[in-house]
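Heads up, this note's numbering is the position in the sequence shown plus 684, with the first residue counted as 1. Data block below; observations after.
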Amino acid sequence: MDYIYHYNSPLGSITLASSGESLTGLWFDGQKFFPHKPISESTEEELPIFTQAIKWLNTYFGGKAPDFTPPISLTATPFRKAVYEILLSIPYGHTMTYGEIAAIIAEQKGTHRMSAQAVGGAVGHNPISIIVPCHRVIGTDGSLTGYAGGLDRKIKLLTLEKAL
685 MDYIYHYNSP
695 LGSITLASSG
705 ESLTGLWFDG
715 QKFFPHKPIS
725 ESTEEELPIF
735 TQAIKWLNTY
745 FGGKAPDFTP
755 PISLTATPFR
765 KAVYEILLSI
775 PYGHTMTYGE
785 IAAIIAEQKG
795 THRMSAQAVG
805 GAVGHNPISI
815 IVPCHRVIGT
825 DGSLTGYAGG
835 LDRKIKLLTL
845 EKAL
């Protein structure tokens, strides 16, 4: 069974999803790639995983780097999982470019190049926003390129972390 919980953040309503044991989703309501059908078929319930995720979010929105990550479960292709693992390694208050991530993936795969555009597609489909910090990824020239939750939220998240 799938479960959901709603959280009111300073940047708008957030829907969290869980299988019961780990966090499987975290989206700003109505954001690009928001999973409307699976969410509508889920049961709203308070679970320990949601309590942990809310503690993480409260710490984060309080302007501090959380010192833990709630259990997460990422259902994705091996390529996307590799991208998400890199995202998880970007420290609070720092950014990384799509090109830098592509270079890391290329090195991991033993190839000369990897498409930064492919990395962008994976980043844009990140199912656990904020905790898996896709907002910390920027363009090669330092530009603040797209964010599924909206560019205005990306700016606010990076400003909160003092990464801008």
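Don't be surprised by glycine CBs; every beta carbon is placed ideally from N, CA and C. All values reported here derive from a predicted model rather than from experimental measurement.
Ile-770 is the residue among Ile-770, Ala-790, His-690 whose C-alpha sits nearest the C-alpha of Cys-818.
Looking only at Lys-748, Thr-829, Ser-757, the smallest Cα-Cα distance to Gly-804 is reached by Thr-829. With a cutoff of 7 Å on beta-carbon distance, Phe-745 and Pro-694 are scored as near each other.
Gly-783: member of the alpha helix (DSSP H) spanning 782-793, first to last residue. Rounded to the nearest whole angstrom, the CA to CA distance from Met-780 to Arg-820 is 6 Å. Following the DSSP letters along the chain, one finds Asn-742 inside the alpha helix (DSSP H) bounded by residues 732-745.
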